[in-house]
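Undergrad:
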Amino acid sequence: MISENQQNQRETKKYSVENIHFEKPNIHTIPMKKLSGIILFVLVLLITSSAQQTFTPETIPNPKDGAGTGYVSDPDNILESSEIAELNRLIALLEDSSTAQIAVVLVNSIGIENPKDFATRLFNHWGIGQADTDNGLLIFTVMDQHRTEFETGYGLEAVLTDAMCYRVGMQELVPEFKKGNFGTGLIKAVTRIKGILEKGEVVEEIRSRETVSTPLSPFLPLWLQIYFLANLVFHLWWLWRLHDMIKAKDDFYDKYINVRKLRLWGFLIAFPLPFIFVWIYMKNRMNFFRDHPRYSKMTGELMTKLSEEEEDDYLERGQITEEEIGSIDYDVWVTPSREDYLILKYEKYYSKFKKCPECHFKTYYHAQTKTIKRATTYSTGKKLKRHECKNCAYSKEKIIIIPKIQTSSGGGSSSGGGGGFSGGGSWGGGSSGGGGGGVSW
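According to my numbering, the residues represented by the sequence shown are 2 to 442, in order.
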């Protein structure tokens, strides 16, 4: 017979076994809940990461693709449409007056890539600036790295030096970018650069000498010593070159041309003192050489320089056209008897006009770019690039293939919304070797 105590023990064991069997499903359902949470978390991450695209130089929308005539690529819609229109207007005016091209690009992210290296690759991928002068500039902003790079073409490195780019960035971009005014900062920077490239305001930039706050270095005294030593060496070298040119046995016109070939912009920015005085001295000597009295090699008589109106009687039609469009300025010297005359030409530093292959005057320019067939995601397009001569009406047309539109580019880019300008329809094929500076904000 089973005692009452043994019966209770059996019931207890049975109850315990049943309890264990009952709780077993709960042990396995806990990991399933955690797994569901992990899956949900991963999905959220995927959705978030897909919303912010990481660009490469090949996938950033080119504002010149298709029928685009703008200069701004803003695929993440950071700028207002009115700000894009103003940037396009300013840059189009600059290209029309000097042939220089500026591209403005803003993206949220390029991943872990270095913005400077990325900017150089993007610059050369698009070919910003003219192929024969490399006068392009890329202003490239990466939002998540809080960095803006100024990438310059080879032809602008002497004017837009690393120091000048840094100064423009610190004084125009950074204060506005820190407030979130990205469009305003870019407009201010482009306006200032436009003044430097278009109006020759390099000397004014140096004279203003607006201070930019930078961290002091413990090696500043040594740096200053090296700077002043380099300043002195370059100064003496330039004075020696100037002295040789001025004392050379050339006529005044040859002396003028030789001195004019000396490009001081880079030295003016790097070594403002005393090169600003050298620049002033050069300008005075050039004016002296240009206006100095001349004697006829045929009659020996003293010659007189004619006024702009009088000299047209001695100039060819093409030369008059060159003066009218501002590509070349002419001086005409005559003897009292008008038996002998002398025509001297002075070319403009920066001009959008080239020598015409037909009449050989500097009156040939890029007149129009017209889209014939728009590019799509499945076929290339075509555009017509037309050059004309202001003098002889010679013209040349060239068909350019427009690449297919890349569907992986993501958001939209500006191609000149807002109207009010007539910018060129393509980049000019310029290249960069990594010149220019950058700022963080």
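The beta carbon of each residue, even a glycine, is placed where N, CA and C say it ideally should be.
Less than 8 angstroms between the C-beta atoms of N136 and G154, yes or no?
TA: For this step, residue 136 is matched to residue 135 along the sequence shown. For this step, residue 154 is matched to residue 153 along the sequence shown. Yes, they are a contact pair.
Undergrad: Rounded to whole angstroms, how far is the Cβ of E173 from the Cβ of G184, which I believe are closer than 8 angstroms?
TA: Walking along the sequence shown from the start, residue 173 turns up at place 172. Walking along the sequence shown from the start, residue 184 turns up at place 183. With a Cβ gap of about 12 angstroms, E173 and G184 do not count as contacting.
Undergrad: Check the DSSP bridge columns for G429 and list the partner residues they point to.
TA: Locating residue 429 in the sequence shown gives position 428, counting from the first residue. According to DSSP, G429 bridges with nothing at all.
Undergrad: For D133 and V105, what's the separation of their Cα atoms in angstroms?
TA: Locating residue 133 in the sequence shown gives position 132, counting from the first residue. Locating residue 105 in the sequence shown gives position 104, counting from the first residue. When rounded, the distance between both Cα atoms is 22 angstroms.
Undergrad: How many angstroms separate the CA atom of K65 from the CA atom of Y379?
TA: As a working mapping, residue 65 is identified with position 64 in the sequence shown. As a working mapping, residue 379 is identified with position 378 in the sequence shown. Rounded to the nearest angstrom, the two C-alpha atoms are 18 angstroms apart.
Undergrad: Hey, quick one: how far does the beta strand (DSSP E) through S396 stretch, first residue to last?
TA: Sequence index remark: in the sequence shown, residue 396 carries index 395 (1-based). Run containing S396: 396 to 403, per the beta strand (DSSP E) assignment.
Undergrad: Report, in whole angstroms, the separation of the C-beta atoms of D163 and G438, which I expect to be a contact under 8 angstroms.
TA: Start at 1 with the first residue of the sequence shown, and residue 163 comes out as number 162. Start at 1 with the first residue of the sequence shown, and residue 438 comes out as number 437. Correct: roughly 4 angstroms between the Cβ atoms.
Undergrad: At which residues does the alpha helix (DSSP H) containing Q320 begin and terminate?
TA: Position 319 of the sequence shown, counted from the start, is the residue given in the question as residue 320. Counting along the chain, the alpha helix (DSSP H) containing Q320 begins and ends at 318 to 326.
Undergrad: Can you have a look at F289 and say buried or exposed, based on whether 16 or more other CB atoms are within 10 angstroms of its CB?
TA: As a first step, residue 289 is located in the sequence shown; it is residue number 288 there, counting from the start. Classification of F289: exposed, given that the 10 Å Cβ count is below 16.
Undergrad: Where do the N-terminal and C-terminal ends of the alpha helix (DSSP H) with S98 fall, by residue?
TA: Mapped onto the sequence shown, residue 98 falls at position 97. Note, S98: alpha helix (DSSP H), 82 to 99.
Undergrad: Name the DSSP beta bridge partners of F141, please?
TA: By one-based count along the sequence shown, residue 141 stands at place 140. Looking at the DSSP assignment, F141 forms a beta bridge with V106, E150.
Undergrad: Is it true that the CB of R339 sits closer than 8 angstroms to the CB of N392?
TA: Taking the sequence shown and counting its residues from 1, one reaches residue 392 at position 391. Taking the sequence shown and counting its residues from 1, one reaches residue 339 at position 338. Taking 8 angstroms as the Cβ cut-off, N392 and R339 do not qualify as a contacting pair.
Undergrad: Short of 6 angstroms in beta carbon distance, which residues of its chain neighbour C166, apart from the five on each side in sequence? Order them along the chain.
TA: Translated into positions along the sequence shown, residue 166 becomes position 165. Contacts found: F151, G437, G438.
Undergrad: Output needed for F354: all residues of its chain with C-beta closer than 7 angstroms, excluding positions within five of it in sequence on either side, in chain order.
TA: Here residue 354 refers to the residue found at position 353 of the sequence shown. Only I326, S328, K363, T364, Y365, Y366 meet the Cβ criterion.
Undergrad: List the endpoints of the continuous alpha helix (DSSP H) containing Y167.
TA: Working through the sequence shown from its first residue, we reach residue 167 at position 166. 163 to 169 is the span of the alpha helix (DSSP H), which, as asked, contains Y167.
Undergrad: Would S441 and H147 qualify as a contact pair, given that the criterion is a beta-carbon distance under 8 angstroms?
TA: Within the sequence shown, the letter at position 440 stands for residue 441. Within the sequence shown, the letter at position 146 stands for residue 147. Closer than 8 angstroms, so yes.
Undergrad: Applying the 10 Å Cβ sphere with the 16-neighbour rule, what's the burial state of A190?
TA: Taking the first residue of the sequence shown as 1, we reach residue 190 at position 189. Buried.
Undergrad: Consult DSSP for R387 and reduce its assignment to one of helix, strand or coil.
TA: Position 386 of the sequence shown, counted from the first residue, corresponds to residue 387. Of the three classes helix, strand and coil, the one that applies to R387 here is strand, per DSSP.
Undergrad: Measuring only the C-alpha atoms, how far is E144 from F178?
TA: For the purposes of this step, residue 144 is taken as residue 143 along the sequence shown, with counting starting at 1. For the purposes of this step, residue 178 is taken as residue 177 along the sequence shown, with counting starting at 1. At residue 144 the sequence reads Met, which differs from the Glu that was named. Between M144 and F178, the C-alpha separation is close to 10 angstroms.
Undergrad: Would you mind sorting R295 into buried or exposed? The rule is 16 or more other CB atoms within 10 Å of its CB.
TA: Indexing the sequence shown from 1 puts residue 295 at position 294. R295 is buried by the Cβ-count criterion.
Undergrad: Are K386 and K399 closer than 8 angstroms when you measure CB to CB?
TA: By one-based count along the sequence shown, residue 386 stands at place 385. By one-based count along the sequence shown, residue 399 stands at place 398. In this structure, K399 lies closer than 8 angstroms to K386 by Cβ.
Undergrad: Could you give the distance in angstroms between the alpha-carbon of R208 and the alpha-carbon of P404?
TA: Stepping through the sequence shown from its first residue, residue 208 is reached at position 207. Stepping through the sequence shown from its first residue, residue 404 is reached at position 403. With a pLDDT of only 41 at R208, under the threshold of 50, the placement of this residue in the model should not be trusted, and no figure is reported.
Undergrad: If we ignore side chains and look at the alpha-carbon of each, how far apart do I129 and I103 end up?
TA: Counting from 1 along the sequence shown, the entry for residue 129 is found at position 128. Counting from 1 along the sequence shown, the entry for residue 103 is found at position 102. For I129 and I103, the distance between alpha carbons rounds to 7 angstroms.
Undergrad: Output yes or no for whether 8 angstroms exceeds the beta carbon distance between I197 and L138.
TA: Along the sequence shown, one-based indexing puts residue 197 at 196. Along the sequence shown, one-based indexing puts residue 138 at 137. Against a cut-off of 8 angstroms, the Cβ pair of L138 and I197 comes out as no contact.
Undergrad: With respect to the beta strand (DSSP E) encompassing A368, which residues constitute its N-terminal and C-terminal limits?
TA: Within the sequence shown, the letter at position 367 stands for residue 368. Run containing A368: 365 to 374, per the beta strand (DSSP E) assignment.
Undergrad: Start and end of the beta strand (DSSP E) containing W334?
TA: The residue you call residue 334 lines up with position 333 of the sequence shown. Residues 329 to 335.
Undergrad: Taking the beta strand (DSSP E) that E177 falls in, what are its first and last residues?
TA: For the purposes of this step, residue 177 is taken as residue 176 along the sequence shown, with counting starting at 1. Premise fails: E177 lies in the alpha helix (DSSP H), 175 to 179, not in any beta strand (DSSP E).
Undergrad: Cβ atoms of D332 and R291: under 8 angstroms apart, would you say?
TA: Here the question's residue 291 lines up with position 290 in the sequence shown. Here the question's residue 332 lines up with position 331 in the sequence shown. Yes.
Undergrad: DSSP three-state label for K284, please.
TA: Working through the sequence shown from its first residue, we reach residue 284 at position 283. Helix at K284.
Undergrad: Pull up the CB-CB distance for S432 and N63, whole angstroms please, since I reckon it's below 8 angstroms.
TA: In the sequence shown, the residue the question calls residue 432 occupies position 431. In the sequence shown, the residue the question calls residue 63 occupies position 62. Actually they are not in contact, since the Cβ atoms of S432 and N63 sit about 16 angstroms apart, beyond 8 angstroms.
Undergrad: Using DSSP with H/G/I as helix, E/B as strand and the rest coil, what is G437?
TA: Looking up residue 437 in the sequence shown gives position 436. Note: G437 maps to coil in three-state DSSP.
Undergrad: How many angstroms separate the CA atom of K306 from the CA atom of Q320?
TA: As a first step, residue 306 must be located in the sequence shown, where it is residue number 305. As a first step, residue 320 must be located in the sequence shown, where it is residue number 319. If you take the alpha carbons of K306 and Q320, they lie about 17 angstroms apart.
Undergrad: Rank T55, L157, V169 by C-alpha distance to the C-alpha of E114 and give the top, closest one.
TA: Taking the sequence shown and counting its residues from 1, one reaches residue 114 at position 113. The candidate whose alpha carbon is nearest that of E114 is T55.
Undergrad: Since K117 is in the alpha helix (DSSP H), which residue starts that stretch and which ends it?
TA: To locate residue 117, count along the sequence shown from 1; it is residue 116. Per DSSP, K117 belongs to the alpha helix (DSSP H) from 116 to 127.
Undergrad: Which term fits S427, buried or exposed, when burial requires 16 or more other beta carbons within 10 angstroms of its beta carbon?
TA: For the purposes of this step, residue 427 is identified with residue 426 of the sequence shown, where counting begins at 1. Buried, because 16 or more other Cβ atoms sit within 10 Å of the Cβ of S427.
Undergrad: By how many angstroms is the C-alpha of E81 removed from the C-alpha of T192?
TA: Residue numbering aside, residue 192 sits at position 191 when the sequence shown is read from its first letter. Residue numbering aside, residue 81 sits at position 80 when the sequence shown is read from its first letter. Their backbone Cα atoms lie some 18 angstroms apart in a straight line.
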